[in-house]
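Chains as they are written, first to last, in numbering that gives the first Met the number 0: chain U, 0 to 326; chain A, 0 to 285; chain H, 0 to 252.
Worksheet: the structure to be examined is printed underneath.
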Amino acid sequence: MPGRARMSGRKQLAYFAPLPVILLFLVAAPWFLDTPIISLITKVLCFGLLAMSVDIAFGYTGLWTFGHAAIFGVAAYTCAILLKGADITNFWLLALIGIVMAGIVSAIFAAVAARSSGLYFLLITFALGQLVYSVAVQWKSVTHGNDGLWGMPYPHIGFSLSSETYYYFALIVVVLCAIVLYWFTRSPFGYSLMGIRENEIRARTMGYDTRLRKIVGFVISGLFAGLAGILYLYFNGGIAPENVGMSASGMATIMVIIGGTGTLWGAFLGSAIVLLLQYYISLLTPNRWPIFLGAIFIASVFFARGGVFPWLVSLWRKVIRYGDTGS
Amino acid sequence: MDVLVVSTMAGISYGMVLFLLSTGLSIVLGLMGVVNLAHGMLFMTAAYAGITVGNLTGSFLFGILTGIFSAGISGLIIERGFLRQLYKRELEQILVTFGFIYIITNLHLWFYGPYPRSGIVPSVLKGGITIGRYDFSFYRLAIIAVGAILCACLFWLQEKTKIGAIIRAGMDDPEIVYASGINLRNVNVGAFVFGALLAGFAGVVGTPVLGGVTATTGGDVIFVAIAVCIVGGVGSVQGALVGALLIGIVTSLAQAYLPYIAIYMMYIIMVIILVLKPSGLVGRTS
Amino acid sequence: MEILEVEKIAFGYGGLQVLQDISFSVKQGEKVALIGPNGAGKTTVLNVLSGLLTPQFGKVRLLGRDITNRPTHSRASLGLARSFQVSSLFPQLSVLSNVLLALHGIQRTSRQMIRSITAYKSFVEKADELLGSVDLLSKRDTLARFLSHGEQRRLELILSFASSPKVLLLDEPTAGLSSQESSALAQMLLKPAHQNGEDVAVLFVAHDLDLVFTVAERILVLYYGIIIAQGTPEEIRGNQSVREIYLGETQSA
């Protein structure tokens, strides 16, 4: 990560140690955790991928997007509609078309919003996202309105997946996406997006076509959001407008902010925090959980400034340093 | 033709309610750059409180006062308790006000129950008047009249008073205002609370126009208020008026003639304005 | 050979005419200073040249090509670079990242969406070389926002040198630098530039008259948006109206 003091090779290894541990945990999870928890983790994976895509647009490029759930939803709805309406059953084909649709919608969003920044970008993507939501609700003949489209079978990827194996499928897809996105954020293009976020005028005088890069960055983000939508569609068995509208977009943005913008892994962490909290609190108080969730959002602003992930990272560094001086 | 006239009038009265709701949001956004997603909550809390008290006491006026008061208090708590520490930190403002939406919505659901409450129409304003071939409801006419009067007052405040000048200057160049020895912070808080009071008033008197209030109203109206700010332009009374009337009338007409796309209309207008004139119809170019 | 030609540029907004009838040219490798009292419009000239502002009238030509309506980023690829009066950095990125971005700005590289930015060894070496030339190598991994004011000014400068430009527009390059650092900068500007043995043409805005008279081969004097004098340092020093308006009685020249 830029800006960190160089550490010795061995310490660097220790620094990254939590990652493989978490991965191992996730791989072994089905053996010692109950199905509802595995189901929850799968949901965290899907929304984690969505949150990471939001982080690319929002945290890295500085584009305040409030319509990513619409992109997520477009991909999911496309697959569901084609499966039910056009009877296309090839999973790879469906996924491809879904992702392409997500890309097209992102391109439209970005092209319309590219000249704006900050608050206005947020408002435009919000309006466009709500437009998509309205279509999902109103176009009843195709989307079944508020009921949504249901009855999605598990995908057939050479062999049929089931609820047990879908977890691993999702895990593999999300890990691969995370790796690709990680490389992307460390690439010259990824850095140029951060440059645009930090100082767009300077970036332009350095030779970067910032408008084009914002659009490309947004579309790349949208492609991954679409993929997240498809993963979620099959996990959930269906899709409904509530996954497409402003509260879903808002939730995705909240996940990124809580986890820590511009950190990529923070987005994932934010997704885990929000969904896990939502799950456990609603077990305790089925009707009052939003109050606690709202309170936690507010508290995180004052107690975990900059996000939970950077806070955890600084804790971990202290641990490593302590361990180092200890020996 | 009848439908056109009646719908337009309904749209204007709806627009007036939106105007009262959104002016506060627009001024605060222009003046402080604060994103207060919980602004809609103020409308809702005033509506519930005002209607409950109004029904209990049989006094419409008392209901209005209660509503205004509860909105003002809530606004003050949110601003002084939380938002004031997040100056220039828009991300965190979004997160905090989002949290408030969750909390306040659920509290209202808990306290008032899931069934919608209809607004209070005082007996003196019940019924309608027939002009020519058209029937107009007294209440809606009264809303339009009150809205117009308030709008004139607010515009006068904005253009002709010292405080209005300070606020307009504060939007353009806060540093100069501070340098002139004016405590802009206090003015900002005052503007915030004033906006809350307006929203509270809108909540109580606007509920009959909106058809009732439920626990989701707070979350619903904030987005309409944002649309008003975008379409009309942030930071001015006239911007809020133009945006509110446009959205009010178009939505109302759409509901009458093209109900299938009524729900899209507001967003389509938003997108068009954002593409053609991002600062809003009456907005200052950023 | 004229590398930069400015022809009858006029720029204004609202009721204010900021620049009028601005015409001058800069030869390859020439060092030209743009001086004038505050508010004369000097930064505006640079903004028009770099494409951040569009003039109402007039033409700008770089290497013979008309760039008047070209967007900023495309001027950079033609060899135009610029520094800012107030340091314009990428605050949350490291010093090294700042320079790497400057280097990658005009270079198309392969696999630029997937390969780590630090894997392009030649760029990293060049970045380190640049950082070394302004004594910032030790701050390589510090975030730009944590640099001291002087360090930020030095970073600001190498960001504009980084792309090995043909024309360098500098806005108050020594503002905020100590007198030692200022003379070091003056020496840097006088030295012939790095690659191709080609000299960089420099147009710099300055209030620091020591810098101006040390480095400049020609001086342009801007007063209320009009160039009232152009010439060699001796000519300018001797120019009566310039003395009255700008240099004032205190200059003993």
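Glycine residues also receive a C-beta, built at the ideal position from the N, C-alpha and C atoms.
The Cβ-Cβ distance between residue 76 of chain U and residue 148 of chain U falls below 9 Å. If you check the CB distance, residue 229 of chain A and residue 242 of chain A come in under 9 Å. Considering only beta carbons, the part of the stretch 176-208 of chain U lying closer than 9 Å to chain H consists of 179, 182, 183, 185, 186, 187, 188, 189, 190, 191, 193, 194, 196, 197, 198, 200, 201, 202, 203, 204, 205, 206, 207 and 208, in chain order.
DSSP links residue 134 of chain A through a beta bridge to A/129. Residue environment for residue 243 of chain H: exposed (fewer than 16 other C-beta atoms within 10 angstroms of its C-beta). Pairing residue 38 of chain A with residue 5 of chain A, the inter-Cα distance amounts to about 30 Å. DSSP, read as helix, strand or coil, puts residue 158 of chain U in coil.
Against chain A, the beta carbon of residue 111 of chain U has neighbours under 8 Å at 270, 273 and 274, listed in chain order.
When the five nearest sequence neighbours on each side are left out, the beta carbons in the same chain lying within less than 7 Å of the beta carbon of residue 4 of chain H are those of 24 and 60, in order along the chain. In terms of Cβ geometry, residue 80 of chain A and residue 193 of chain A do not form a close pair [threshold 9 Å]. A direct Cα-to-Cα measurement between residue 220 of chain U and residue 21 of chain H gives close to 45 Å. Against chain U, the beta carbon of residue 111 of chain H has neighbours under 8 Å at 186, 187 and 188, listed in chain order. Remark: C-beta atoms of residue 273 of chain U and residue 290 of chain U do not approach each other more closely than 9 Å.
Rounded to whole angstroms, residue 169 of chain U and residue 86 of chain A show a C-alpha spacing of 41 Å. In the structure shown, the three-state DSSP call for residue 233 of chain A is coil.
Distance check between residue 244 of chain A and each of A/50, A/30, A/65 and A/147 places A/147 closest, using alpha-carbon atoms only. When the Cα atoms are used, residue 300 of chain U and residue 182 of chain U turn out to be separated by approximately 29 Å.
A residue is called buried once 16 or more other Cβ atoms fall within 10 Å of its Cβ, and residue 124 of chain H, having fewer, is exposed. If you compare the alpha carbons of H/92, H/14 and H/57 with that of residue 146 of chain H, the shortest gap goes to H/92. Against residue 116 of chain H, the close residues of chain U are 185, 186, 187 and 190, in the order they occur along the chain (beta-carbon pairs closer than 7 Å).
Just measuring C-alpha positions, the residue of A/139, A/167, A/116 and A/277 sitting nearest residue 227 of chain A is A/277. For residue 20 of chain H, there is no enclosing alpha helix (DSSP H); the enclosing beta strand (DSSP E) has its first and last residue at 15-26. Linking residue 81 of chain H to residue 171 of chain A through their CA atoms gives a straight-line distance of about 29 Å. If you check the CB distance, residue 253 of chain U and residue 94 of chain A come in under 9 Å.
Distance check between residue 132 of chain A and each of A/264, A/3 and A/33 places A/3 closest, using alpha-carbon atoms only.
For residue 155 of chain H, no beta strand (DSSP E) segment is defined; the enclosing uninterrupted segment is the alpha helix (DSSP H) at 148-160. Only residues of its own chain outside the window of five on either side were considered, and among them 49, 50 and 51 have a CB closer than 8 Å to the CB of residue 71 of chain H, listed in chain order. For the stretch 39-58 of chain H, residues whose beta-carbon sits nearer than 9 Å to a beta-carbon of chain U comprise 49, 50 and 51. Rounded to the nearest whole angstrom, the C-alpha separation of residue 172 of chain U and residue 49 of chain U is 13 Å.
Look at residue 98 of chain A: its C-beta is under 9 Å from a C-beta on chain U. When the Cα atoms are used, residue 141 of chain H and residue 89 of chain H turn out to be separated by approximately 12 Å. Contact of residue 225 of chain A with chain U by beta-carbon distance below 7 Å involves 122. Of U/306, U/259 and U/230, the smallest CA-CA separation from residue 71 of chain U is found for U/230.
With respect to chain H, the C-beta atom of residue 128 of chain U has no partner C-beta closer than 9 Å. The CB of residue 137 of chain U comes closer than 8 Å to the CB of 259, 260, 262 and 263 in chain A, given here in chain order. Close to residue 119 of chain U, with beta-carbon spacing below 9 Å, are these residues of chain A in chain order: 229, 273, 277, 278 and 285.
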